[in-house]
Amino acid sequence: MTNLHPDPAREPAQIELPAERRFPFSPWHPVLLPIALVMLIPMIWMVVTSFETISEARRFPPVLVPSSIQWQNYLDVLQDAPFIRWFINSTIVTTASVASNLLFCSLAGYAFARIPFFGRDAVFVLILVTLMVPFQVVMIPVFLIVKQAGLIDTLGGLILPNLAGAFGVFLLRQFFRSLPVELEEAAMIDGASRIGVLFKIVLPLSGPVLATLGVITFMWTWNDFLWPLITIYSSDNMTLQLGLTTFQGRHQASTNLLMAANMMTVLPTLILFFLAQRYFIRGIATTGLKG
Amino acid sequence: MSRVRRALQSDHVTGWAFAFPAVFLILLFGIVPIAWSAVLSFQKTNLLAPPVWVGLRNYEALTRDPLFLDSVIHTLVFTAFYVPFSVAGGLLVAIALNRKIRGIRFYRTAVIVPLVASTIATSIMFLWLFDPHFGLVNWLFEQVGLGPFGFFESADLALPSIVAVAVWGSIGFNVIIYMAALQGIPNELLEAAEIDGAGRWSIFRKIVLPLLGPATLFLVVWSTINALQLFDQVYFLTRGGPGTSTFVVVYYLFDLAFHKGLAGYGAAIAYALFVVILVLTIVQLWVGKKTVYYAS
Amino acid sequence: MARVAFDHVTKVFAADSVAVDDLSLEVDDGEFMILVGPSGCGKTTALRMIAGLEKATAGRIRIGDAVVNQVPPRDRDIAMVFQNYALYPHMTVYDNLAFGLRERKTPKAEVQRRVREVSEMLSLAELLKRRPAQLSGGQRQRVAMGRALVREPKVFLLDEPLSNLDAKLRVQMRAELKRLHGQLGITTIYVTHDQVEAMTLGDRIAVMSAGRLQQLGAPQDVYDHPVNLFVAGFIGSPPMNLVRGRADGGRVVAGTFEMQRPGTPDGEVVVGVRPEAFVLGREDLPVIEVVIEVVEPLGDEIIVHGTAEGSAARSGAEEDDLPPIASGSRAPITARFDPTARFQPGQRLRLGVEPDRVHVFDARSGLALAAPAAG
């Protein structure tokens, strides 16, 4: 039998140098760095070119570091094209879409999650069906509907089909179902109505998923191209994505201006991404889980 | 309490009141168009004048239309390259990113950022990068003794170039999905396999890959659906050219419906595409069910 | 079969958290050694270092006669049962069992033979075609053990394998494990926080706390002769009663309790008595007066909870977050009696103790002083 008498007052053991060698840096850096570069260079190059003069841009071999920073390019874009107008249009359409999606999908999502009503499950299946159908199948009839409403070539026409999406309804329904129902039951016993429960109990707990839906809807609407393409033909009503293509058409040789315009178009989504990275990534991961 | 009051407070009414706005919008812009599109496919219309009924003629024309067949081939070729590169590439990058080293957040962000840019923005970047005369990429190739390449202006290279643009723009999505799936594999499983005597490659092939099955299946289905719907990049970069080398189904559809006044024919093509997507998805899911293990 | 030894092993994680502090410990060939202690005491880290899943920051780890610090897990000829079993969810039970053998290129006939043998031994024969998700907790645990045993390892490592089972199953599996060890004789190192498991299963137990080995010995020895307060409070259920007291010229006083222990150094002490050491009606022995608060009849014994004059001492093995000095002026005392006795709350008892069943500890260091001659 061996008994040990450790002395609690003894100093802890001296740490010897570890037996194995340690690399100063992980061997994965030479793998990851090229990958990161490939993913970042297109954007970096866009930014660099946007600050070059036209002669610098159209030079071969390419000028890697511009001799000066031509902020003028950005101003030129704003003057040469109704860029600000396009920006405002995109902002209006996107904001409206995000706001209405958050509102309508919350209401519907909650109803599908918690309120037993006649035909609920059948309607939900129908909604899921729309998720599986590609946009190209429905775009012509949707175009005709918007035309009937007299909204072709208007911002309203851009917004209307995007007021509520099946994705949002699905996402929120799943989330609401995951909340403990006891909270809502307690509130109802306390006298709250359904609307009260939704706005005072459920939604305050839904911050992250609402943020996720907001970010995803923002990105998707801001970046949408095909629908504006078929709905809008006047320059004044174009969104940024559409405007960019006409800009490119007219300024084919002015690459530096085109890059400046592109930069200004990408910037809002970039900013949103860095502010809300978590929600963006979470939104994508959830899409995968649902699959 | 009066009967009317009680009825108004009933769950049925409340439920429908809550759900109505979204349901109405989704049905109006989702379900109704699905049916309407089917109807359109049996008509001839230029979207301005009233449509004319033509029965199955649109579908018949499909089978004999060389441009359509051309577009189908291009779409399938694009898909055949896009899906493997995008999914396998996403997996490899996710594995590389799945470790705790200094700066890993920078690398992860770098890979995900391209997702944020729209297809148009991405296309603009690559239009410039791949410029045959002034583009950075041709200059880089020159440094290693290759090129110059025509990229979007070359009939042979246009479609592969679009594959590159599409993969670059969307690989981040696959990386995110795979990273989430990788992190869902309990470390203990890998430790148990190590103790059991499995080498690194064996662990990857027999433990990690099978457990990534659901994610892989999802990404293959998702990527295929997206690939078959290729449009934005084609419209912006090549308009289907040079010649018809990048002519894809949706581009043809768009052209017919909104430029050539043949919306009925376009609708027929859209439906044909829909059916193909549906069939492919079902086949993939069926194969998936046989081979993929799902955690209960 | 092999010996396993820790030779001044220390493990430090980043941010200077010392998980294992200068551990030296030898496990004999074929021995069933238990590492026991509260969560965070370093027992699992120590186990993982034997497996090779953690690298020692300092010191040497030996399996057999070889120093294995640099040897990867797959080459150490060890097998491990994880707390959550870590069964390969996408493989059948058969494939789970066969996996390690196949990875080592064992011929197919041999694989079949061994898997069949192990599955008979662990009653898994009917479950071979099922997947882990279709098994109960107990069945999964047996598959995890089977996977380890089928490789006939030199050392068998278990990390709290019974903690996810319900109480009844746990008792069954304890007996199962003991029987298996007797039958197979593999050197086994078993980690648990449950001192009952430690006492019933081990040939020897190693009590650990905060990364340090507190005491190593046969279960009964550790029970009868704890070397410090921590071990005294950790081993034994209900735990040892601990009351603060003073030693003065060979006389030890704690509250109303008083006894002679010549040779005890003067100073603050902690007096410890196990609940079963109390006797009634023996006025010739040192006595402590207790007022009963709660009586728990358990069928085969009665546990009495009461208070006595004096203040309680803490061993450091408590699971709660209470401050070091118990509030109130009385010390809680727990006593065990056989079920024929009758007690009432509020009753005053005079409990006697044989002097050599009283443990005295130095209050500052926690070490046992002048340990009693017999248990």
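Residue numbers (the working numbering), protein chains in the order written: chain A, 1 to 291; chain B, 292 to 587; chain C, 588 to 962.
Glycine included, each C-beta is placed from N, C-alpha and C at the ideal position.
Per DSSP, the bridge partner or partners of residue i
| i | result |
| --- | --- |
| T774 (chain C) | C:V742 |
| R496 (chain B) | Answer is none; R496 (chain B) lacks a bridge partner. |
| L612 (chain C) | C:F593 |
| W254 (chain B) | This structure cannot speak to residue 254 (chain B), because chain B is shown only from 292 to 587. |
| S750 (chain C) | Bridge partners of S750 (chain C): none, in fact. |
| H677 (chain C) | Note: H677 (chain C) sits in no beta bridge, so no partner. |
| V866 (chain C) | C:G939 |
| V654 (chain C) | C:R649 |
| V896 (chain C) | What sits at residue 896 (chain C) in the sequence shown is Glu, not Val. Its beta-bridge partners are C:R917. |
| Q847 (chain C) | C:R838 |
Own chain, CB closer than 7 angstroms to residue i, minus 5 neighbours either side, in chain order
| i | result |
| --- | --- |
| A9 (chain A) | Caution applies to A9 (chain A), whose pLDDT of 39 falls short of 50 and renders its modelled position unreliable; the model cannot decide the point. |
| D616 (chain C) | M588, A589, R590 and T774 |
| F417 (chain B) | V456 |
| A261 (chain A) | V77, F83, L244 and F247 |
| L709 (chain C) | R729, M732 and G733 |
| P341 (chain B) | none |
| L481 (chain B) | I494 and I498 |
| P273 (chain A) | Inspection of the sequence shows that residue 273 (chain A) is occupied by Phe rather than by Pro. Hits under 7 angstroms: F280. |
Sequence-distant residues of its chain with Cβ nearer than 6 angstroms to residue i (five each side left out)
| i | result |
| --- | --- |
| E56 (chain A) | V63 and P66 |
| L338 (chain B) | A554 |
| Y584 (chain B) | P501 and G504 |
| P161 (chain A) | V142 |
| H365 (chain B) | F538 and V539 |
| R21 (chain A) | Confidence at R21 (chain A) is low in this model, with a pLDDT of 42, below 50, so the placement of that residue is unreliable and no value is reported for it. |
For residue i, the three-state DSSP class (helix, strand or coil)
| i | result |
| --- | --- |
| G854 (chain C) | strand |
| T94 (chain A) | helix |
| N223 (chain A) | helix |
| G214 (chain A) | helix |
| R727 (chain C) | helix |
| K580 (chain B) | helix |
| W513 (chain B) | helix |
| K551 (chain B) | coil |
| L709 (chain C) | coil |
| N256 (chain A) | helix |
| Q759 (chain C) | helix |
| H29 (chain A) | helix |
| T305 (chain B) | helix |
| D907 (chain C) | coil |
| E618 (chain C) | coil |
| L803 (chain C) | strand |
| N683 (chain C) | helix |
| K598 (chain C) | strand |
| P439 (chain B) | coil |
| S604 (chain C) | strand |
| M827 (chain C) | coil |
| D925 (chain C) | coil |
| E11 (chain A) | Caution is warranted here: a pLDDT of 39 is assigned to E11 (chain A), below 50, making its placement in the model unreliable, and no coordinate value can be reported. |
| T370 (chain B) | helix |
Residues near residue i in its chain [Cβ-Cβ closer than 8 angstroms; skip 5 each side]
| i | result |
| --- | --- |
| V856 (chain C) | R831, G832, R833, A834, V839, A841, V947, F948, D949, A950 and L956 |
| E697 (chain C) | L688 |
Problem - Three or more C-beta pairs below 8 angstroms linking the region 245 to 252 of chain A and the region 543 to 552 of chain B - result: As far as the Cβ criterion goes, the region 245 to 252 of chain A does not touch the region 543 to 552 of chain B, which means the pair count is below three.
Exercise for the section: May I ask you to verify whether the region 858 to 872 of chain C touches the region 777 to 787 of chain C, counting CB pairs closer than 8 angstroms and requiring at least 3? Expected result: Proximity of the region 858 to 872 of chain C to the region 777 to 787 of chain C falls short of the contact definition, fewer than three beta-carbon pairs being nearer than 8 angstroms.
Exercise for the section: Inspect the CB distances between the region 497 to 508 of chain B and the region 432 to 441 of chain B and report whether three or more fall short of 8 angstroms. Expected result: By the criterion of at least three beta-carbon pairs nearer than 8 angstroms, the region 497 to 508 of chain B is not in contact with the region 432 to 441 of chain B.
Problem - Sufficient close CB pairs (3 or more, under 8 angstroms) joining the region 372 to 392 of chain B to the region 463 to 482 of chain B - result: As far as the Cβ criterion goes, the region 372 to 392 of chain B touches the region 463 to 482 of chain B, which means the pair count is three or higher.
Practice task
Specify whether the region 92 to 102 of chain A and the region 161 to 170 of chain A touch according to this definition: at least 3 beta carbon pairs, one from each stretch, less than 8 angstroms apart.
Solution key: The answer is yes - the region 161 to 170 of chain A touches the region 92 to 102 of chain A, with three or more Cβ pairs under 8 angstroms.
Handout entry: Three CB pairs or more closer than 8 angstroms across the region 922 to 929 of chain C and the region 886 to 893 of chain C
Key = Pairwise C-beta distances place the region 922 to 929 of chain C in contact with the region 886 to 893 of chain C, as three or more of them are shorter than 8 angstroms.
Exercise for the section: Please confirm if the region 261 to 275 of chain A is in contact with the region 39 to 47 of chain A, defined as three or more CB-CB distances below 8 angstroms between the two stretches. Expected result: Contact annotation: the region 261 to 275 of chain A touches the region 39 to 47 of chain A, with at least three C-beta pairs closer than 8 angstroms.
Exercise for the section: Any chance you could list the alpha helix (DSSP H) runs of at least 4 consecutive residues sitting entirely within the region 163 to 188 of chain A, in chain order? Expected result: As far as the region 163 to 188 of chain A is concerned, its whole alpha helix (DSSP H) runs of at least 4 residues are 166 to 178.
Exercise for the section: Evaluate the contact criterion for the region 795 to 810 of chain C versus the region 928 to 944 of chain C: three or more CB pairs, one atom per stretch, below 8 angstroms. Expected result: Counting Cβ pairs under 8 angstroms, fewer than three are found: no touch.
Exercise for the section: Taking 8 angstroms as the threshold, find out whether the region 709 to 722 of chain C comes into contact with the region 661 to 680 of chain C through three or more Cβ pairs. Expected result: Judged by Cβ distances under 8 angstroms, the region 709 to 722 of chain C makes contact with the region 661 to 680 of chain C, as three or more pairs qualify.
Exercise for the section: Check whether the region 623 to 640 of chain C touches the region 687 to 696 of chain C, taking contact to mean three or more Cβ pairs, one atom from each stretch, closer than 8 angstroms. Expected result: By the criterion of at least three beta-carbon pairs nearer than 8 angstroms, the region 623 to 640 of chain C is not in contact with the region 687 to 696 of chain C.
Exercise for the section: Report yes or no: do the region 310 to 330 of chain B and the region 530 to 539 of chain B share at least 3 C-beta pairs separated by less than 8 angstroms? Expected result: Not touching, per the Cβ criterion.
Handout entry: Any 3 or more C-beta pairs closer than 8 angstroms across the region 805 to 820 of chain C and the region 640 to 656 of chain C
Key = Output reads no: the region 640 to 656 of chain C does not touch the region 805 to 820 of chain C.
Practice task
List in chain order: all unbroken alpha helix (DSSP H) runs of 4+ residues lying wholly within the region 125 to 157 of chain A.
Solution key: Listed in chain order, the complete alpha helix (DSSP H) runs (minimum 4 residues) inside the region 125 to 157 of chain A are 135 to 148.
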